[in-house]
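Report on the structure given below.
2 protein chains.
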Amino acid sequence: MSAGSTRPRTRIQRENRQTILDAALEVFSAQGFRGATLDQIAEVAGLSKPNLLYYFASKEAIYAALLETLLDTWLDPLRAIDPAGDPRAELLGYVRRKLEMSREMPRESRLFANEILQGAPRLGSLLATDLRALVEEKAAVLARWMDEGRLARVHPVHLIFAVWALTQHYADFEVQVRAVLGPEAGDPFPAAQQMLETLFGRLLEGAGGGQSGP
Amino acid sequence: MSAGSTRPRTRIQRENRQTILDAALEVFSAQGFRGATLDQIAEVAGLSKPNLLYYFASKEAIYAALLETLLDTWLDPLRAIDPAGDPRAELLGYVRRKLEMSREMPRESRLFANEILQGAPRLGSLLATDLRALVEEKAAVLARWMDEGRLARVHPVHLIFAVWALTQHYADFEVQVRAVLGPEAGDPFPAAQQMLETLFGRLLEGAGGGQSGP
DNA sequence: GTCTATATAGTGATAGAC
DNA sequence: GTCTATCACTATATAGAC
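Which chain is which? The protein sequence lines are A and B, in order. Using our numbering, the letters of the first sequence map in sequence onto residues 184 to 397. Using our numbering, the letters of the second sequence map in sequence onto residues 184 to 397.
Structure representation (structure tokens):
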């Protein structure tokens with residue numbers, strides 16, 4: 184029986200599956216699904232190509248397992264927004280967590296970016312169901328803060344888009360960021376963090392912004 | 184002699200080259216370089232595959248011609264920032280032009296996004312030379328406005344990154360934007376425009392922001 | 001200038017030895 | 001469970017007829 188369709192039982196199976204997923208993340212995130220080859224993944228994993236296909240039924244199966252495994256983690260920062268918290272702490276905290284994630288997990292960011300950019304043919308319906316539901320829930324929290332005059336009034340869902348766009352940019356377009364900042368430039372994240380704090384921080388000052396709340 | 188390496192002379196050659204580039208933009212932007220096939224491009228263009236290769240030497244050549252043709256256009260909004268202009272008009276104008284470009288040229292945006300995301304193997308050095316020079320020039324203008332207290336002090340290059348990230352998001356991640364907003368939602372751009380005006384507009388009010396200018 | 005036919009290489013997946 | 005060998009298919013590019 185193949186090891187792909189069932190939970191791994193032995194230690195070596197768990198380790199090999201993990202090794203393969205690690206290698207697949209490396210290759211898929213850099214090349215996209217079509218661009219990646221099983222040969223590359225096998226080489227990075229240090230396993231033979233048929234051995235890969237012993238653990239996973241197909242290239243598609245490896246990719247699907249990756250997406251499934253990582254989507255939850257990827258949305259954790261958004262889930263962590265506390266409706267009972269302070270708007271400033273929650274919004275800036277969310278931005279900080281999301282930026283940290285871009286820094287620590289750039290391959291995951293690029294994996295999702297590749298998938299979405301090419302029309303999300305495999306992540307597909309999860310966006311319209313799970314992701315949409317979570318965003319709606321948190322957008323409602325933001326909207327309440329706006330109603331209470333504690334946050335500038337903008338379209339709350341688009342505000343979440345803004346956090347995504349700004350933070351993921353540093354992972355997804357890292358090559359461009361480094362090229363523009365120059366070879367001698369160090370870590371871009373501290374300056375990015377400062378810029379984002381100023382940008383979003385100003386949404387929390389004099390929140391009414393033309394049509395003040397209570 | 185091949186028509187690929189020289190300027191097209193006849194009307195039909197110009198038209199066919201343009202037809203091919205159009206089709207290639209359609210396919211490359213949706214699939215990335217590796218994901219795209221000459222068959223797909225040929226079908227969209229309404230030409231045979233060998234005929235494509237009569238006009239362009241290779242798949243690489245088509246892709247390179249596309250990138251070269253479009254990079255200049257893509258940077259026009261940034262070039263248009265007027266150092267002698269009013270900071271509010273110039274910054275918000277830049278944001279507006281860039282967002283319009285995402286709306287009118289989403290395929291171009293996704294073409295570049297694919298290329299950068301995968302490490303810019305072909306656009307490569309242009310980023311470190313041409314793009315970097317242009318960004319440095321305009322960042323200096325922003326920095327001067329900050330020195331004059333007319334714009335909140337943030338890292339000027341990262342401020343340009345912010346404009347890119349926020350505006351291109353609506354083209355590059357269009358599938359996700361539509362999925363999250365829901366099928367009944369209309370055009371997302373008006374709300375995006377409003378959000379961006381608020382976000383960047385607040386960088387222009389009380390510009391000092393903690394460490395005030397003159 | 002444009003087509004049909006095909007050479008050549010790479011890629012996903014399988015068979016079967018060990 | 002893991003390897004070697006290989007099949008079947010796809011894709012880029014070219015040759016040569018018209």
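Beta carbons are placed, not taken as given, at the ideal position from N, Cα and C, and that holds for glycine.
Check                                                                                                                                                                                                  : Outcome
Against chain B, does I195 of chain A count as a neighbour if the rule is that its beta carbon must be under 8 Å from one of theirs?                                                                   : no
Could you spell out where the alpha helix (DSSP H) holding A296 of chain B opens and where it closes?                                                                                                  : P289 to L300
Which same chain residues, not among the five before or five after F211 of chain B, have their C-beta less than 7 Å away from its C-beta?                                                              : A219, Y246, L249 and L294
From B:V278, B:K242 and B:V340, pick the residue whose C-alpha is nearest to that of A322 of chain B; which is it?                                                                                     : B:V340
To be precise: take each residue of the segment 206-225 of chain A, compare its Cβ to all Cβ atoms of chain B, and keep it if any distance is under 7 Å. Which residues remain?                        : A213, Q214, G215, R217 and G218
What is the C-beta distance between L300 of chain A and D330 of chain B, in whole angstroms, given that I count them as a contact (C-beta under 8 Å)?                                                  : Actually they are not in contact, since the Cβ atoms of L300 of chain A and D330 of chain B sit about 38 Å apart, beyond 8 Å.
Please go through the same chain and pick out, in chain order, the residues whose beta-carbon is closer than 6 Å to the beta-carbon of N297 of chain B, but skip the five residues on each side of it. : G215
Would you say P260 of chain B and M288 of chain B are within 8 Å of each other, going by their C-beta atoms?                                                                                           : no
Checking contacts by CB at 8 Å: is L382 of chain A closer than that to chain B?                                                                                                                        : yes
Kindly indicate which residue of B:E209, B:F239, B:E226 and B:A225 has the alpha-carbon position closest to the one of Q196 of chain B.                                                                : B:F239
Report the CB separation of P270 of chain A from R333 of chain A in whole angstroms; it is logged as a contact under 8 Å.                                                                              : 5 Å
Rounded to the nearest angstrom, what separates R217 of chain A and T312 of chain B at their Cα positions?                                                                                             : 30 Å
My assumption, with CB atoms under 8 Å, is that L236 of chain A sits in contact with A228 of chain A. Please give the rounded CB distance.                                                             : That pair is no contact at about 12 Å.
According to DSSP, is I337 of chain B helix, strand or coil?                                                                                                                                           : Reading off the sequence shown, one finds Val at residue 337 of chain B, where the question assumed Ile. Here V337 of chain B sits in coil by DSSP.
Taking DSSP as the reference, what is the three-state secondary structure of D265 of chain B?                                                                                                          : coil
Less than 8 Å between the C-beta atoms of V360 of chain A and F344 of chain B, yes or no?                                                                                                              : yes
Alpha carbons only, please: which of B:L274, B:K281 and B:A267 is nearest the one belonging to W257 of chain B?                                                                                        : B:K281
Check whether the Cβ atoms of I264 of chain A and L230 of chain A lie closer than 8 Å to each other.                                                                                                   : no
When you compare only the Cα positions, how much space is there between P266 of chain A and A207 of chain B?                                                                                           : 47 Å
If we ignore side chains and look at the alpha-carbon of each, how far apart do G393 of chain A and Q377 of chain B end up?                                                                            : Note that G393 of chain A scores 42 on pLDDT, short of 50, meaning its location in the model is unreliable; the coordinates nonetheless yield the value given after this. Their Cα atoms are separated by approximately 13 Å.
Kindly indicate which three-state DSSP category E226 of chain A falls into: helix, strand or coil?                                                                                                     : helix
List, in order along the chain, the chain A residues whose C-beta lies closer than 7 Å to that of F344 of chain B?                                                                                     : H352 and V360
State the start and end residues of the unbroken alpha helix (DSSP H) segment that holds S212 of chain B.                                                                                              : R194 to G218
Counting only beta-carbon separations shorter than 8 Å, does V363 of chain B have a partner in chain A?                                                                                                : yes
According to the Cβ coordinates, are T350 of chain A and V337 of chain B closer than 8 Å?                                                                                                              : no
Taking L317 of chain B as part of the alpha helix (DSSP H), name the residues at either end of that continuous run.                                                                                    : R315 to D330
For D330 of chain A, return the contacting residues in chain B, with the cut-off set at a CB-CB distance below 9 Å.                                                                                    : Chain B residues near D330 of chain A: none, gap ~16 Å exceeds 9 Å.
Does any residue of chain B have a CB that is nearer than 8 Å to the CB of G302 of chain A?                                                                                                            : yes
With burial defined as no fewer than 16 other Cβ atoms inside 10 Å of the residue's Cβ, what is the status of P371 of chain A: buried or exposed?                                                      : buried
Between the C-alpha atoms of V318 of chain B and V324 of chain B, what's the straight-line distance to the nearest angstrom?                                                                           : 10 Å
Do the CB positions of V363 of chain A and L342 of chain B come within less than 8 Å of each other?                                                                                                    : no
Strictly below 9 Å CB to CB, what residues from chain A border A335 of chain B?                                                                                                                        : T381, L382 and R385
Residue range of the alpha helix (DSSP H) that L364 of chain A falls in?                                                                                                                               : E357 to L364
Which residues in the same chain as E209 of chain A place their Cβ atom closer than 7 Å to its Cβ, once the five residues preceding and following it in sequence are excluded?                         : V227 and R290
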